[in-house]
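In what follows, a structure is listed as structure tokens, so that the remarks can point back to it.
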Amino acid sequence: MEQQLQELEQQLQEIEQQSLRGISQAESSGDLEQIRIKYLGKKGEVTLLLKEVGKTAPSERPRLGKLANEVKEKISASLEEKTKEVRRKERSRELLQEAVDITLPGLSLPMGRTHPLALLDREIKQIFVGLGFEVAVGPEVESDYYNFEALNIPSDHPAREMWDSFYLGNHLLLRTHTSPVQIRVMEKRTPPLRVISSGKCYRRDAVDATHHIQFHQVEGFMVDQGVSFSDLKGVLSAFAREMFGEERKVKFVPSYFPFTEPSAEVSIDCFACADGKGREAPDKDNRSGAGGATGRHAWEQPPPCRVCGGGKWLEILGCGMIHPFVLRVVNYDPEKWSGFAFGMGLERIAMLKHGIDDIRLFLENDIRFLRQFS
Amino acid sequence: MRVPFSWLKEFVKVSIPPDELAEKLSLAGIAVERVEHLSKGVSGVVAGKIQKIERHPNADRLLLTRVACGDELLQVITGAQNVHEGDLVPVAPPGATLAGGKVIAAVELRGLPSHGMLCSAKELGFELDLLPQEQRDGVLVLSPEFSPGMDLSVILGLSDSVFVLEVFANRPDLLSIIGVAREVAGILGERFSLTVPEFPEGDERIEEAVSVEVKDFSLCPRYTARAFESVRVRPSPLPMALRLQAAGIRPVNNVVDTTNYVMLEYGQPLHAFDLDRMKGKKVVVRRGIEGEEIVAIDGATYPIDDRTLVIADAEVPIAIAGVMGGKETEISQETKAVLLESATFDASTVRRASLRLGLRSESSRRFEKSLDPHLASLASHRAATLLVSGGAMARKGIIDLYERLPGQRKIQLRPRRINFLLGTSIPHEKIKGVLELLHFETDGKLEDLGWEITVPTSRRDVTEEIDLIEEVARHYGYGQIQPKLPSGTGTSGKLHPEEEKLRKINEIMERLGGWQVVSCSLGDPSFYHRFLSSSEGEIFPKEVVPVSNPLREDQAALRPSLLPELLDCVRRNLNMKNLNLSIYEIGKVFSPNDGNVRESLHLAFALTGSVPGGGNVHYFHGKGILEALFREISLDLTLLPSTLPFFHPGRRATVLAGGSRIGLLGEIHPDLLDDLDISQAVVAGEILLEPLLTSGKFLKSYLALPRYPAVTRDLAFTVDEQVTAQELREAITQAGKPLLEEVICFDCYKGPQIPEGKKSLAFSLTYRAVDRTLTEEEANRSHQEIMTAVQEKFQASLRT
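Each protein sequence line maps, in turn, to chains A and B.
Residue 184 in my numbering sits at position 184 of the first sequence, with consecutive numbering throughout.
Residue 414 in my numbering sits at position 414 of the second sequence, with consecutive numbering throughout.
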């Protein structure tokens with residue numbers, strides 16, 4: 001009996017030593033599984049030994065049982081630890097197999113974009129909202145009254161030439177400018193007002209690189225007590241610099257619009273000219289005078305600037321003090337209220353800003369064009 | 001308007017270079033588009049008188065000439081054969097430069113020295129086709145008004161500059177040299193002078209040659225006529241012809257050129273009639289008579305009606321007043337007697353006639369902007385001096401008919417108002433000075449309350465105080481006005497509420513992969529017709545809105561839908577090999593509405609090509625976009641079968657929200673794609689935005705997250721093919737109240753295990769109670785009720 005017990009103890013120790021050695025030598029999860037089955041499986045050596053323990057004298061059973069269980073747990077723990085280790089090794093081999101050519105193209109994921117004109121529209125509005133202007137909207141199909149008459153352009157007025165229109169019958173037409181929104185807003189509200197509005201306009205014009213039958217305008221006006229030409233200059237200079245850069249020079253030149261007086265055209269100095277003389281920047285690679293990529297010799301005059309064409313000034317908008325006729329039309333007393341109004345073409349501003357040379361690109365919506373703006 | 005610098009300088013002293021003057025003009029509101037420098041590089045060429053011509057002793061084809069050029073007598077050898085003793089010709093002595101840069105030197109020709117060269121028109125840089133035939137070849141023979149020794153490069157305008165002006169519609173006075181000269185004088189502080197010399201008149205009175213009658217002075221406020229005899233029609237003297245050319249008008253003959261010359265100089269159009277061809281020697285200014293017509297000098301026949309003002313002789317119209325003269329009485333080589341008309345016609349009448357007949361002329365351009373009647377007699381006088389100096393004999397007197405000439409306008413001007421509106425503090429003396437330089441008279445009393453300003457009749461655009469304020473502002477200089485940011489009552493800037501919502505929709509569409517496009521609202525009606533609806537209730541109209549005056553057929557209607565242009569955009573991109581597209585547009589569409597036009601804001605999208613993850617787009621990608629959009633603004637999306645013909649008949653739907661039709665969705669019909677040359681499937685949808693903007697929730701409030709767990713069960717039914725997922729879903733939702741929280745259809749199956757004519761639809765159902773943990777029994781009971789209800793309603797069998 002005693003001998004049997006000793007044998008059992010010895011067997012347990014041997015099993016422990018053997019199995020732990022086996023585990024430490026195992027190299028794959030398959031090896032480890034075999035070891036598990038050999039010792040801990042249903043017919044494994046430890047399992048069988050535990051059954052043997054059950055047959056021993058009750059007085060010895062607890063001690064032997066404890067011993068056997070300790071061995072079993074040691075093996076289990078060791079197996080578990082070794083399994084983890086082997087698994088990591090195996091995985092790192094597998095991962096290497098999964099290596100990809102990291103320079104292959106990524107998957108194309110859907111990402112939409114805003115049209116460049118809409119982006120510019122938001123940018124301009126944001127500037128004016130910051131200057132206290134609120135946004136108003138108006139229809140694209142207008143009456144002759146709002147598009148012309150209320151704006152001091154009676155029928156037969158030669159100035160109507162400036163706005164050749166598409167008529168729809170019944171004194172309706174496609175608006176030729178956003179200025180009718182001025183009238184619509186002033187009719188309904190009382191000053192002080194600072195309003196900006198934008199949208200599509202239409203002119204009956206032959207389509208070419210700089211003209212289209214459809215374009216977008218942004219229109220704004222301000223009416224209050226004591227608004228002067230000085231305020232007009234202040235607000236629009238602030239806008240021009242915000243839009244085109246703090247360092248821009250802004251020039252106001254007299255112009256003519258029937259609904260403003262005095263009227264002005266606003267220009268900025270060209271931001272693309274290198275020397276302020278309307279010429280392209282000299283080619284840096286061309287200093288040797290050996291010709292270079294442009295084939296131009298160093299002593300030749302650079303070609304005219306591609307943005308201003310040598311004119312040095314870029315017209316960006318039209319503006320003026322609201323004509324007393326217009327104020328009277330909406331029953332504002334011109335002696336009490338005064339104001340200014342301005343309008344600009346979105347396409348023109350976008351073309352200047354991005355160096356786009358053909359207005360038709362905006363409506364063609366070629367994805368390769370749209371992709372360039374965000 | 002083209003203004004030659006040399007012409008301008010006849011009326012005002014200018015001592016600065018043309019480019020500098022251009023800058024000053026622009027800053028004062030006379031927009032100079034550009035300055036053209038006409039110099040062809042000619043210098044040193046003078047007029048010379050040929051005193052003697054001999055044959056060259058050593059050459060048959062050369063002539064030996066002696067030419068007097070002022071004090072010098074030069075021996076010049078020439079090959080030209082068109083010269084005669086006594087002729088005045090251009091001579092280039094040694095040192096002179098010809099057009100193209102050739103410098104003349106003394107040379108020896110066949111043994112004899114030649115001190116210079118006699119020049120042809122070409123060698124002086126003239127455009128030959130602008131010259132009369134006889135001046136094109138050989139040496140240019142000059143008319144007698146040149147004297148030997150004169151520097152021709154100046155006289156012939158060979159070194160002139162031309163200002164190209166953009167004249168605003170309110171300033172017809174600037175369509176004249178003297179008008180521009182007045183402004184230049186004002187800008188430079190110089191005196192403007194206009195002196196017209198007297199001319200000799202004959203003894204016979206004009207009234208003996210012609211009578212004039214004006215029927216309606218409201219259409220013709222002033223009509224003047226002069227008559228000339230012994231007229232010799234021939235090419236104009238070179239200086240006049242050259243000036244006309246520089247100003248952009250082709251020389252014709254001395255009579256016509258004179259009328260054009262004076263029109264350019266004074267801004268008053270004139271017309272010359274062949275007096276002998278006028279029937280009855282009578283001029284009647286009257287309305288046309290329906291049925292009359294006239295062959296104009298351009299050779300075309302124009303119909304006349306009673307809205308057209310005509311100049312008639314005793315029988316027929318001989319000119320369309322202010323627009324164009326008639327062929328019958330045109331000045332010709334045979335013309336001996338001339339009637340010179342200088343009149344003022346009603347601006348609107350001229351403008352309408354010119355629009356109606358499609359005839360724009362230099363004359364109508366000026367009349368339609370309203371001319372000063374005082375100009376008519378001045379211009380007539382000026383033209384008479386030119387005709388008489390050219391050899392014509394003027395009959396005595398002028399016929400001058402008018403009811404009343406406008407007086408000088410007087411306007412109250414408050415100097416305080418000027419400084420108030422401009423934001424300046426310009427001293428009164430300075431204001432007065434500016435106005436007086438521009439020929440506005442002040443009444444002398446410089447009271448702050450107001451001055452009375454007298455407006456020159458040439459400035460018909462100045463009618464009220466603000467016009468005077470503008471005059472002061474532009475001559476004071478906009479650059480002098482200090483910018484400031486407005487003070488006063490503050491207003492707060494904000495976007496329009498609708499725009500904020502639209503930007504949210506833009507953002508959703510772009511998160512879903514959409515690229516925004518902007519297309520034209522005008523297009524081809526025949527293309528648009530394919531998208532009109534034939535049935536009531538669809539969102540597209542039954543008709544398009546036509547444009548009354550289209551320029552082209554493919555811009556002749558307003559778009560009834562965004563889809564046509566989107567499909568066109570797809571087509572263009574596919575042509576450019578942009579094969580995978582997801583585009584959308586937000587914009588107005590138009591429909592006829594009882595004589596008016598209704599405009600409504602739509603959203604449309606189109607998808608084509610492959611989708612991320614593989615496969616090509618189909619109906620459900622489009623539906624996915626609509627679902628996501630509606631979910632984002634908390635709206636329920638319901639679809640009904642549709643019959644719209646431009647969609648695939650088995651893949652098209654009408655979109656419903658709140659019980660009304662607000663849109664459509666489908667795969668574009670392959671027949672339509674064929675017609676557009678599109679060879680891959682396109683899915684498209686369009687919806688009205690108005691219902692989305694009003695019913696959508698754009699500002700969401702927080703909903704508490706559920707605190708108790710849910711029970712999820714799947715359920716599959718076999719039903720008739722015609723039964724839609726939406727119908728089943730509605731029945732399930734109805735039967736599952738109140739515990740059923742969510743129903744998702746996750747599979748639609750047809751195949752071997754399903755009988756012919758049937759399909760299987762599988763749903764995932766989520767049950768939850770808001771106030772407790774749901775028990776299995778409760779969920780089972782609800783589930784059972786749903787099964788029973790659906791089985792009964794659709795004769796559905798449960799699939800397990």
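Virtual Cβ for every residue (Gly too), placed ideally from N, Cα, C.
Could you check whether the Cβ of residue i sits closer than 7 Å to any Cβ belonging to chain B?
i, result
"D231/A", "yes"
"R113/A", "yes"
"A159/A", "yes"
"Y332/A", "no"
"Y167/A", "yes"
"Q372/A", "no"
"F133/A", "yes"
"V218/A", "no"
Can you find a C-beta in chain A that's less than 7 Å from the C-beta of residue i?
i, result
"Y478/B", "yes"
"N593/B", "no"
"Q555/B", "yes"
"P17/B", "no"
"R351/B", "yes"
Assign residue i to one of two classes, buried (16 or more other C-beta atoms within 10 Å of its C-beta) or exposed (fewer than that).
i, result
"I539/B", "buried"
"M576/B", "exposed"
"K251/A", "buried"
"G189/B", "exposed"
"I102/A", "exposed"
"D568/B", "buried"
"N573/B", "buried"
For residue i, which of helix, strand or coil comes out of DSSP?
i, result
"P18/B", "helix"
"T718/B", "strand"
"Y402/B", "strand"
"G112/A", "coil"
"V388/A", "Because chain A is modelled from 1 through 374, residue 388/A falls outside the range shown and cannot be assessed."
"I359/A", "coil"
"A99/A", "coil"
"N170/B", "coil"
"V223/A", "strand"
Consider the C-beta atom of residue i and the heavy atoms of the ligand ZN; say whether any pair is separated by less than 6 Å.
i, result
"V256/B", "Summarising the ligand content, the structure contains no ligands, and the ligand ZN is consequently not present."
Examine chain E for any beta-carbon lying closer than 7 Å to the beta-carbon of residue i, and answer yes or no.
i, result
"L562/B", "No chain E appears in this structure, whose protein chains are A and B."
Cβ contact check for the region 320 to 336 of chain B and the region 235 to 251 of chain B: 3 or more pairs under 8 Å:
Three or more beta-carbon pairs separated by less than 8 Å are not found between the region 320 to 336 of chain B and the region 235 to 251 of chain B, which leaves the two stretches without contact.
When the Cβ atoms of the region 153 to 163 of chain A are set against those of the region 79 to 90 of chain A, are three or more pairs found closer than 8 Å?
The answer is no - the region 79 to 90 of chain A does not touch the region 153 to 163 of chain A, with fewer than three Cβ pairs under 8 Å.
Can you find at least 3 beta carbon pairs, one from the region 78 to 95 of chain B and one from the region 40 to 52 of chain B, that sit closer than 8 Å?
A contact between stretches requires three or more CB pairs, one per stretch, nearer than 8 Å, and the region 78 to 95 of chain B meets this requirement with the region 40 to 52 of chain B.
Residues in the region 416 to 446 of chain B with C-beta within 8 Å of chain A's C-beta atoms, listed in sequence order?
From the region 416 to 446 of chain B, only F420, L421, L422, G423 and T424 have a Cβ closer than 8 Å to chain A.
Along the region 516 to 537 of chain B, what residues have a CB closer than 9 Å to any CB found in chain A?
Correct list: Q516, V517, V518, S519, C520, S521 and L522.
Indicate whether the contact test is met: 3 or more Cβ pairs, each with one atom in the region 330 to 341 of chain A and one in the region 211 to 231 of chain A, closer than 8 Å.
Result yes; three or more Cβ-Cβ pairs closer than 8 Å.
Any contact of the region 288 to 301 of chain B with the region 334 to 349 of chain B, i.e. 3+ C-beta pairs under 8 Å?
Because the criterion of three Cβ pairs below 8 Å is not met, the region 288 to 301 of chain B and the region 334 to 349 of chain B do not touch.
Three-pair Cβ contact test at 8 Å for the region 174 to 187 of chain A versus the region 381 to 392 of chain B:
Note that the region 174 to 187 of chain A does not touch the region 381 to 392 of chain B; fewer than 3 beta-carbon pairs, one per stretch, sit closer than 8 Å.
Validate contact between the region 134 to 146 of chain A and the region 181 to 189 of chain A using beta carbons, cut 8 Å, 3 pairs:
Contact between the region 134 to 146 of chain A and the region 181 to 189 of chain A is present, because at least three Cβ pairs lie under 8 Å.
Say whether the region 112 to 121 of chain B touches the region 62 to 79 of chain B, bearing in mind that this needs 3 or more beta-carbon pairs closer than 8 Å, one atom from each stretch.
Judged by Cβ distances under 8 Å, the region 112 to 121 of chain B makes contact with the region 62 to 79 of chain B, as three or more pairs qualify.
Under 9 Å, CB to CB, which of the residues in the region 238 to 251 of chain A have a partner in chain B?
Of all residues in the region 238 to 251 of chain A, only A238, V250 and K251 place a beta-carbon less than 9 Å from a beta-carbon of chain B.
At a Cβ cut of 7 Å, what residues of the region 170 to 192 of chain A count as close to chain B, listed as they run along the chain?
Flagged, chain order: N170, L172 and P192.
Which of the residues in the region 335 to 348 of chain A, read from start to end, lie with their CB under 8 Å from any CB of chain B?
Answer in chain order: S338.
By the 8 Å beta-carbon criterion, what residues does the region 318 to 330 of chain A contribute toward chain B?
Within the region 318 to 330 of chain A, those residues whose Cβ lies closer than 8 Å to any Cβ of chain B are, in chain order, M321, H323 and P324.
Give, in chain order, every residue of the region 693 to 727 of chain B whose Cβ lies closer than 8 Å to some Cβ of chain A.
Listed by position, the residues of the region 693 to 727 of chain B near chain A (Cβ gap below 8 Å) amount to none.
Are there three or more Cβ pairs, one per stretch, closer than 8 Å when the region 359 to 373 of chain A is compared with the region 109 to 116 of chain A?
With a cut-off of 8 Å, the region 109 to 116 of chain A and the region 359 to 373 of chain A count as touching, because enough Cβ pairs lie within range.
What residues in the region 604 to 638 of chain B bring their beta carbon closer than 7 Å to a beta carbon of chain A?
For the region 604 to 638 of chain B, the residues whose beta carbon sits under 7 Å from a beta carbon of chain A are, in order, P612.
Could you list the residues in the region 359 to 382 of chain B with a C-beta less than 9 Å from some C-beta on chain A, going in chain order?
Answer in chain order: R365, E368, K369 and S370.
Please identify, using Cβ separations under 7 Å, the residues of the region 483 to 497 of chain B that lie next to chain A, in order along the chain.
Against chain A - using a Cβ distance shorter than 7 Å - the residues of the region 483 to 497 of chain B are P483, K484, L485, P486, G488, T489, G490, T491, S492, G493, K494, L495 and H496.
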